[in-house]
Amino acid sequence: MLFTPHRGIGTDRNRSHATPPVFSGPAIYTSIHAEPELHFKSNRTRETNRASKLLAATTNSKHLLPLACLQEPRKEMEAAVGGSWTRVRTLGRGASGAVVSLAADDLLGALFAVKSAPAAAADQLRREGDILSGLSSPHVLPCLGFRAAAGECQLFLEFAPGGSVADVAERCGGRLEEGAVRAYAADVARGLAYLHGRSLVHGDVKARNVVVGADGRAKIADFVCARAVGSSDRPIGGTPAFMAPEVARGEEQGPAADVWALGCTVVEMATGRAPWSDMDDVLAAMHRIGYTDAVPEVPAWLSAEAKHFLALCFARDARDRCTFVLGAPRTTHVMILRFRTKCLFLKERKAKCLVSK
């Protein structure tokens, strides 16, 4: 079983995260509320501009441009990674030992992230690049290219100046208000709906693996544990505190496991702590998750809608959990993942969460 580290089970919670966040840019994003829409837009614009200024100040380079300033961001970024660029600073290190750096194109000043690993340990990075290269969703961190050069393999990714959602929570006093939780969770749900529609399981959904882009929206990142639905060619993996019961037992890791992990991520955003953080023994925690009737504790202050949604995520039988479907028709049951005027709904009889485009 492949584990990825996380502050929570089996760690000293007074220390910093065991592995630095992969994308922890210098920008400070305040709590983003789901409503009203005008406030959301103005707040996002203000924080994006603030991010640009902080980036310039941090790197001592006035020519650097955030992604939002480019006329054709994707096209120009892809051109940048294929040309001459400079590493600006280290952003962090992944669980697999890969180093993530902030880089800038020497001509345009466009910023992007480079995830690199020695050539001898490049198979996992290449696999992640192969998966990401086939994906295109506003809620998945884009891959801009892959190459082997100077004795290392490099995976080029869009730079997320907001850092991870866990970083956002820390900057907001340790936890997020429900409005912000709704907004970020809605983005993740749409990202999962896209992945599951392509028969792909992320395998390690948590706040550290959800990053905030230049537009203030959340994007799913780090596909080290990703696998095809029904695949048996890779060991089951992920972060123990976010594992569904069937994953903790080593049985299967399907789309329903991502739904459970999203529920855990909602709890993490709302409390600032991973589920089961009161347990210091990883094996004992995994036994509790896999072989008892226990479910993660839900914060008492959350709304009734939020608690109902989490109850659907935390159904111990994977077959009873809600699923995410993009483009489904609206129903009358509004759920927690309400994002501005677009909603995620629950069709209770079929136990499916329906996400409108």
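So the sequence shown is residues 1 to 357, counted in UniProt numbering. C-beta: ideal position from N, C-alpha, C; glycine also.
CA-CA distance, residue i and residue j?
i	j	result
Gly-230	Leu-262	20 Å
Val-205	Arg-182	16 Å
Tyr-184	Gly-162	12 Å
Gly-197	Ile-220	15 Å
Leu-155	Ala-304	42 Å
Ala-289	Trp-260	According to the sequence displayed, residue 289 carries Ile and not Ala. Each residue's Cα considered, the two are about 11 Å apart.
Cys-172	Thr-271	12 Å
Phe-242	Leu-107	42 Å
Glu-170	Arg-208	11 Å
Gly-179	Ala-148	43 Å
Thr-90	Ala-166	18 Å
Asp-12	Asp-280	A caution first: Asp-12 carries a pLDDT of 39, below 50, which makes its placement in the model unreliable, though a value can still be read off. Whole-angstrom Cα-Cα distance: 8 Å.
Lys-307	Asp-233	36 Å
Ser-199	Gly-151	34 Å
Cys-153	Leu-302	44 Å
Ala-142	Ala-294	At residue 142 the sequence reads Pro, which differs from the Ala that was named. Rounded to the nearest angstrom, the two C-alpha atoms are 36 Å apart.
Val-211	Gly-92	13 Å
Arg-249	Asp-278	21 Å
Gly-213	Leu-102	14 Å
Gln-253	Arg-175	28 Å
Arg-126	Val-224	10 Å
Thr-86	Val-188	31 Å
His-287	Ala-110	47 Å
Glu-284	Thr-323	Checking the sequence shown, residue 284 turns out to be Ala, not Glu. Looking at the two C-alpha atoms, the distance is approximately 29 Å.
His-202	Ala-318	16 Å
His-139	Thr-265	16 Å
Ala-186	Ser-84	37 Å
Asp-123	Phe-146	12 Å
Assuming residue i contacts residue j (C-beta within less than 8 Å), just tell me the rounded distance between them.
i	j	result
Pro-296	Pro-275	4 Å
Val-100	Ala-113	6 Å
residue 358	Ala-104	The structure shown has nothing for residue 358, since the chain only spans 1 to 357.
Arg-321	Leu-312	6 Å
Glu-246	Ala-257	7 Å
Thr-218	Ile-131	Residue 218 is actually Ala in this sequence, not Thr. Actually they are not in contact, since the Cβ atoms of Ala-218 and Ile-131 sit about 19 Å apart, beyond 8 Å.
Ser-137	Gly-191	6 Å
Ser-282	Pro-240	Note on identity: in this sequence residue 282 is Val, with Ser being the wrong assignment. Yes, they are in contact, since the Cβ atoms of Val-282 and Pro-240 sit about 5 Å apart, within 8 Å.
Glu-128	Leu-144	Incorrect: roughly 13 Å between the Cβ atoms, too far for contact.
Going by DSSP, what residues sit across from residue i in a beta bridge?
i	result
Glu-158	Phe-112
Asp-105	Trp-85
Pro-118	Glu-152
Phe-146	Leu-155
Leu-200	Ala-228
Lys-219	Val-211
Thr-90	Ser-101
Val-298	According to DSSP, which records beta bridges pairwise, Val-298 is partnered with nothing at all.
Ser-164	Val-211
Val-140	Ile-220
Shorter than 8 Å from the beta carbon of residue i to some beta carbon of chain D?
i	result
Gly-109	Protein chain content of the structure displayed is limited to a single chain, and chain D is not contained in it.
Inset, instruction - Counting only runs of 4+ residues fully inside the region 231-287, write out the alpha helix (DSSP H) ranges in chain order. - result: 245-248, 255-271
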